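**Student:**
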Amino acid sequence: IADVREREKIARENQRTSKKHRALKTGRIEESMALDRHFKPIIKPVQQIVDRAIKRESRDDDAASAPKHERKEEEVEEEEEASETFERSATLSSGARRKGNGIDSVYGVYLHKDGLMFGNKRFDVDDTDNIIIRGIHKLSDRWEKCIASDGQYFE
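Last residue of the sequence shown: 155 (UniProt numbering), numbering continuous.
(1) Output needed for Lys121: all residues of its chain with C-beta closer than 8 Å, excluding positions within five of it in sequence on either side, in chain order.
(2) Given Asp129, which residues of its chain have a CB within under 7 Å of its CB, disregarding the five upstream and five downstream residues?
(3) Put Gly119 into one of helix, strand or coil per three-state DSSP.
(4) What do you get for Val109, buried or exposed, if any count of 16 or more other CB atoms within 10 angstroms of its CB means buried?
(5) Can you tell me whether Ile132 is helix, strand or coil according to DSSP?
(6) Straight-line CA distance for Arg98 to Asp126?
(7) Kindly indicate which residue of Leu116, Arg5, Glu13 has the alpha-carbon position closest to the one of Ser32.
(8) Report all residues from its chain with a CB closer than 7 Å to the CB of Phe123; omit the five preceding and five following residues, and keep chain order.
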């Protein structure tokens with residue numbers, strides 16, 4: 001009799017946990033659907049920019065890793081004389097690499113603990129789906145101007 005009660009208790013706890021999990025999961029799905037609906041026009045152009053940057057970077061890496069021509073003895077002597085200049089430029093490039101590590105690598109819109117984020121910028125959306133950055137309606141005003149100018153061309 002005690003085993004049956006323990007099993008029933010475990011089954012009820014399992015059902016409660018499943019309900020909580022479903023509620024959390026559906027809430028996340030609803031949030032992601034809302035974000036997609038609101039920011040789909042913004043995400044596509046940003047994704048294209050990122051893709052272009054990645055392609056450029058890969059082309060630069062391919063060009064840098066291309067096999068170098070064999071050096072002549074004269075070039076080796078000139079290289080020894082210019083070693084001091086090379087050392088200075090090497091330290092500068094390593095400093096530039098360190099600065100690049102601070103760049104935000106998240107692209108698109110995501111939900112952060114502080115609210116909605118686009119890259120490393122925080123923003124809000126009001127009831128009428130206007131985007132607010134630092135308390136100022138930003139993109140909605142520009143969209144209205146674009147729509148008005150498009151209407152002039154079609155009339």
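All C-beta atoms, glycine included, are put in the ideal place defined by N, C-alpha and C.
The model shown is predicted, which means the values in this text are computed figures rather than measured ones.
**Tutor:** Taking the definition as stated:
(1) Stepping through the sequence shown from its first residue, residue 121 is reached at position 121. Only Ile133 meet the Cβ criterion.
(2) Working through the sequence shown from its first residue, we reach residue 129 at position 129. Contacts found: His38.
(3) Taking the sequence shown and counting its residues from 1, one reaches residue 119 at position 119. Three-state result, Gly119: coil.
(4) Within the sequence shown, the letter at position 109 stands for residue 109. Classification of Val109: buried, given that the 10 Å Cβ count is 16 or more.
(5) Residue 132 sits at position 132 when you count from the first residue of the sequence shown. Here Ile132 sits in strand by DSSP.
(6) For this step, residue 98 is matched to residue 98 along the sequence shown. For this step, residue 126 is matched to residue 126 along the sequence shown. With a pLDDT of 48 at Arg98, under the threshold of 50, the predicted position of this residue should be treated as unreliable, though the coordinate-derived value follows. Approximately 38 Å between the Cα atoms of the pair.
(7) Taking the first residue of the sequence shown as 1, we reach residue 32 at position 32. It is Leu116 whose Cα lies nearest to the Cα of Ser32.
(8) On the sequence shown, position 123 is the one that residue 123 refers to. Closer than 7 Å at the Cβ level, and outside the excluded window around Phe123, lie Leu116, Ile131, Ile132, Ile133.
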